[in-house]
Amino acid sequence: MEMNNEWVQDPKVFNINREKAHASIHRYASLEEMHTNKSSYIYSLNGKWKFHYANGFNQLIKDFSNKDYNSDNWDEINVPGHIQLQGYGTPMYVNQIYPWSATEQIIPGEIPEHNPIGSYITYFDSSVIKDNTDVYINFKGVESAMALWVNGTFVGYSEDTFTPSRFNITSLIEEGKNKIAVNVYRFSSGSWLEDQDFWRFSGIFRDVELEMVPHTHLEDIKVLTHLNDTYDHAVVEVNPTVIHPTKVIYTLKYNDEIIVSETKEDSSSLQFELEHPYLWSAEKPHLYTLIIEVMDEEGLVECISQQVGIREFEIINGIMCINGQRIIFHGVNRHEFSAYTGRHVSYEETKQDILNMKAHNINALRTSHYPNQSFVYDLCDEYGLYVIDEVNLETHGTWSEYFDKEHIIPDNKPEWLDIILDRANSMYERDKNHPSIIIWSLGNESHGGKNLYEMSQFLRNKDQSRVIHYEGISHDRSYNETSDIESQMYTYAKDIEKYLTTHQDKPFILCEYAHSMGNSNGALFKYIDLEKKYPLYQGGFIWDYIDQALYHDGKLCYGGDFKERPSDYDFCGNGLVFANRKNTPKMQEVKYCYQYVDFTINEQEIKLDNRYLFTDLNEYTLQIDLLCDGYVIKSQNVMIECAPQSTTTIKNPFMVEGDKEYALNIYLLNIYLKKDNQVYAYEQYIYNYEPQTAKKSSLPVKVIEDYLNVGVVGKDFNVIFSKQKGLVSYRYHQEEYIRVPVKPNFFRASTNNDVENKYGYRYGEWLTASLYAKCQFVRVVKEETSCKIEYTYDLPRLGDELLYLTYTVYGDGKVEVDMSYQPLASNIEMPAFGLLFQLYKDMEHVSYYGFGPEENYIDRNKGAMLGRYDYNVTDNCTPYLYPQECGNRTHVKEVLIHGENKVLLLEGDDFEMSALHYTPYELENARHHDELPEAYQTVLCINEKQMGVAGDDTWGAKTHEEFLLDKNKHHLHFVFKGE
419 MEMNNEWVQD PKVFNINREK AHASIHRYAS LEEMHTNKSS YIYSLNGKWK
469 FHYANGFNQL IKDFSNKDYN SDNWDEINVP GHIQLQGYGT PMYVNQIYPW
519 SATEQIIPGE IPEHNPIGSY ITYFDSSVIK DNTDVYINFK GVESAMALWV
569 NGTFVGYSED TFTPSRFNIT SLIEEGKNKI AVNVYRFSSG SWLEDQDFWR
619 FSGIFRDVEL EMVPHTHLED IKVLTHLNDT YDHAVVEVNP TVIHPTKVIY
669 TLKYNDEIIV SETKEDSSSL QFELEHPYLW SAEKPHLYTL IIEVMDEEGL
719 VECISQQVGI REFEIINGIM CINGQRIIFH GVNRHEFSAY TGRHVSYEET
769 KQDILNMKAH NINALRTSHY PNQSFVYDLC DEYGLYVIDE VNLETHGTWS
819 EYFDKEHIIP DNKPEWLDII LDRANSMYER DKNHPSIIIW SLGNESHGGK
869 NLYEMSQFLR NKDQSRVIHY EGISHDRSYN ETSDIESQMY TYAKDIEKYL
919 TTHQDKPFIL CEYAHSMGNS NGALFKYIDL EKKYPLYQGG FIWDYIDQAL
969 YHDGKLCYGG DFKERPSDYD FCGNGLVFAN RKNTPKMQEV KYCYQYVDFT
1019 INEQEIKLDN RYLFTDLNEY TLQIDLLCDG YVIKSQNVMI ECAPQSTTTI
1069 KNPFMVEGDK EYALNIYLLN IYLKKDNQVY AYEQYIYNYE PQTAKKSSLP
1119 VKVIEDYLNV GVVGKDFNVI FSKQKGLVSY RYHQEEYIRV PVKPNFFRAS
1169 TNNDVENKYG YRYGEWLTAS LYAKCQFVRV VKEETSCKIE YTYDLPRLGD
1219 ELLYLTYTVY GDGKVEVDMS YQPLASNIEM PAFGLLFQLY KDMEHVSYYG
1269 FGPEENYIDR NKGAMLGRYD YNVTDNCTPY LYPQECGNRT HVKEVLIHGE
1319 NKVLLLEGDD FEMSALHYTP YELENARHHD ELPEAYQTVL CINEKQMGVA
1369 GDDTWGAKTH EEFLLDKNKH HLHFVFKGE
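Counting from 1 along the sequence shown, just add 418 to a position and that's the residue number in the numbering used here.
Okay, here's the thing in structure tokens:
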């Protein structure tokens, strides 16, 4: 048989000579190898391969696979790795459209004429092969299709980018040097099934290994666990497929302690019964280890280590339950992605992700939208994450509103059935023994139809220990029984409530929600409130974990930056973590909303509601701090008993009395639930307080007025007010603070959510007002120890209502600011109401008393706490892929901005603040951070309020009404002073 290029565009051909899928088996030649996790049965082919790049079939070197073909003059390429990230072709980011959109007119199954092909060559010596073994070559991930030759002989062809392609090459191995040749096709008929929202690459991007399998060996294994109704008795069912067994020893261990052992002389199944077993859950990821020793007539030939998690996941009375308890998914979607290597993600990067999720109370992972590398599931088993494992299937571009509905796939088209069943089977067989996987997902955004129903039945027949998920039936109810779960995407919280009042036949989850593009995740708490109100609502999976951006020439790039078209540009930037895997400020809110303990606090007592399913709070330490004006004055650690899913109340250990040492006299009670110095839940109680009235100086002021300016001079300071432009100078100890005149501001730079909900179109007049309001001097009121300067501002195209701004300067240099405005009911609300100070750029360090530590907004500050925090202005420009509004803090009482030889103090009862090196208009005009100007000033925005950032989706969802500025009279009041 020879390779037939027609297979590449035939959806009925996706597997020629590929080995049957089976469980991921870790095979070792001895117990010593197993303990060191180094197997002599595995020989890695990772490394430098010879490489040739062809733009299409007509440029292929047809005889490159021949044994005697000389490739010495070829380039070299890293395996694993993407072709497009190593200097060949162009990476492309598109969301739901196909990469050939608007360039070639083809229908599903066909492939574009421009179809780059990578030809790979490597060699291995027969000396690496162990005696008495069969040899398989395993490609763990190749995008999108591959053909294989060994020593000039065609071996096979395979599609499915994200599951292994394994071939038996035993008969083709020769003494000495052996040649492996591979063609990798960027596009195949299978590419129509891989229209996920991600970068489009090609190449051998996961590990390649030679697997040596002894003639007597474990071919496959399926481990099931069963629990009784009281979950205190377990049966571990082991179903092995052993080839030519003489003796097989099965030993079940827990923490190196042998629990039970049994010997078999055939391939029959066995069962272990356990009393009071340790159960696996995301909270308590207890794992047993099954050691399998396979022997032939001469003794041990291989041993296998298989992790076993004893757990039961089922739907009970319409509710999904883990070990009998109602499960709540505090989940996230995660693309496998590295900013340096694309979808070739290392074990270390993955472990970092998993640990970060656990630290932020994320308990579930959806492998959007393809099977991940096997070690992802190993880590989820070990550290405890519930997993939705998803078939490599998305056909979004075939059923959008603009596409010809005749070409929807897979739908009911018989020619697409076998290929999707093959993908489901490859996922299932490889991953079937992972306890962390509790749900099989049929894919993503592939509409509905009979084929998907057949896939669901296929998986149900294979596995009754998990449930089936598929969201696409929400768009096509013709086979509603395809999914055991009602799964939707981006449904508003209020609409979920409506749905659940009339639909109670299935448990409900959001497989995607809270679209985290840029500065987002506003009103996340509303979804958390639903899970406490409606038993059928069982949580969701935030979209998504990491920004898909690539480093190129020292710059972080998003879609379109490689000059590829079509592109969906920065829509790849939806992460809770940045592309460099550092947390975004949004993670602060996620951690709080996802925490498992709710606190109700007053001055007398503290109530804890333990929403863990299996964890007593006696495993944690409760740290209680009493603060005044942000400083800890008393602290106490408390050990508490609170069983899972119960409440307890303890006495507030601190009495509050006024303390004259503290200026503001604001008392706080901060509570932290901690283990191993890690905070897992927290809450703050702010005691009632009376805002302090600033003391007015008795020092005299001197007022100097002419027809253009008003000057106010006092001890160590002077202030200048232009009668045409407002406040233009504040000098303290001979240091000037103000670079350009202070102006009212009503605009904020667009967030990604704003861009897509037409913020600029809707709020454009407020941008105009911010830039071009007409300043009108009203009068100066001179007193012995103060001077009041009054202005009005006429806002263009917003009616006749004036804005009133008054500055009162006192003898100690303090300036009191009072600004008010009554918007017209006929105008759209303001995005913000405040003043814009443009200071000199040396004003770099900010310390403040307000909500923090991370940036926060009125619809994303549940996870923020009132406290004293500091940052550098340079660091406060949050590096979202697309420059936008950022760096805000709410409920601010005090700000200190430090320059080289000066400090500016601002005080007020409750305002919002940000300090950046850019104006809102500069942020608005930039598409990348390197397009922003070099820092030349510090821009301080002091707002009464700014609208929330929204976050239900990023294609039209607006800020919720309660987080907009209302149309009542707005008032901003604060004071500032040099130090």
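We put the CB at the ideal spot given by N, CA and C, even for glycine.
Taking the continuous alpha helix (DSSP H) assigned at residue i, which residues delimit it?
i, result
"K372", "Nothing about residue 372 can be read from this structure; the chain reaches only from 419 to 1397."
"F542", "From DSSP, F542 is part of no alpha helix (DSSP H) but of the beta strand (DSSP E) over I535 to D543."
"C798", "S792 to Y801"
"D493", "Unbroken run through D493 is the beta strand (DSSP E), D493 to V497; no alpha helix (DSSP H)."
"T920", "A911 to T920"
"D1212", "Unbroken run through D1212 is the beta strand (DSSP E), S1204 to D1212; no alpha helix (DSSP H)."
Which first and last residues belong to the beta strand (DSSP E) in which residue i is found?
i, result
"W467", "G465 to A472"
"D638", "H635 to L645"
"G1144", "G1144 to Y1150"
"V1119", "Neither: V1119 is in no beta strand (DSSP E) and is coded neither H nor E."
"W1184", "Unbroken run through W1184 is the alpha helix (DSSP H), Y1177 to Y1190; no beta strand (DSSP E)."
"T648", "That residue, T648, is in no beta strand (DSSP E); it is neither H nor E in DSSP."
"Y672", "K665 to Y672"
"F1017", "V1015 to I1019"
"V712", "Y706 to D714"
Can you tell me which of the options puts its alpha carbon nearest to the alpha carbon of residue i?
i, options, result
"S854", "H893, G742 and S699", "S699"
"W844", "S723, T581, N741 and K916", "Checking the sequence, you will find Ser at residue 844 rather than Trp. Here the closest residue by C-alpha is T581."
"I1122", "L974, D836, K1320 and V1198", "V1198"
"I1315", "L463, E1397 and R1149", "E1397"
"I443", "C721, V426 and W425", "C721"
"V1310", "F1255, A1187 and L1082", "L1082"
"H1391", "P1162, F623 and G977", "P1162"
"V1097", "N1088, Y1105 and H865", "N1088"
"Y931", "H921, D1043, F747 and D829", "F747"
"L1223", "L692, S901 and Q1240", "Q1240"
"T1033", "L1091, N1020, S985 and E1023", "L1091"
"T521", "E1007, R983 and D796", "R983"
"G1270", "T1308, K1259, G867 and E1262", "T1308"
"Y963", "D1384, R1149, S1140 and I772", "I772"
By DSSP's criteria, residue i is part of a beta bridge. Which residues make up the other side?
i, result
"T571", "V568"
"H1467", "In the structure as shown, the chain begins at 419 and stops at 1397. Residue 1467 is therefore absent and cannot be evaluated."
"T1065", "D1027"
"F1316", "Correcting the residue identity first, residue 1316 is His in this sequence and not Phe. The partner list for H1316 (beta bridge, DSSP) reads H1263 and V1321."
"M452", "Bridge partners of M452: none, in fact."
"V1128", "E1123 and F1139"
"H1389", "S1238"
"S576", "N433 and M564"
"Y963", "For Y963, which the question treats as bridged, DSSP gives no partner whatsoever."
"D552", "V631"
Taking C-beta to C-beta, are residue i and residue j nearer than 8 Å?
i, j, result
"C1046", "Y1085", "yes"
"V512", "V560", "no"
"Q1102", "L1284", "yes"
"E637", "S687", "no"
"I1174", "W1373", "The displayed chain sequence assigns Glu, not Ile, to residue 1174. Yes, they are a contact pair."
"F542", "L566", "no"
"H1335", "C1295", "yes"
"A1344", "P1301", "yes"
"I667", "E711", "yes"
Does the CB of residue i have a neighbour CB from chain B at under 8 Å?
i, result
"V726", "Among the protein chains of the structure shown there is no chain B, as only one such chain exists."
Are the segment 783-795 and the segment 640-652 touching, with three or more C-beta to C-beta distances below 8 Å? no
Could you tell me whether the segment 509-520 touches the segment 448-468, using the rule of 3 or more Cβ pairs below 8 Å? no
Are the segment 920-936 and the segment 904-911 in contact at 8 Å, needing three or more beta carbon pairs? yes
Would you check if there are 3 or more beta carbon pairs closer than 8 Å linking the segment 1030-1045 to the segment 991-1003? no
Counting beta carbon pairs with one atom in the segment 1366-1373 and one in the segment 1218-1235, are three or more of them shorter than 8 Å? no
Decide if the segment 877-886 is in contact with the segment 930-940; the criterion is three or more beta carbon pairs, one per stretch, under 8 Å apart. no
Below 8 Å, how does it come out for the segment 585-600 and the segment 499-510: are there three or more Cβ pairs, yes or no? no
With three or more C-beta pairs closer than 8 Å as the rule, is the segment 813-821 touching the segment 605-616? yes
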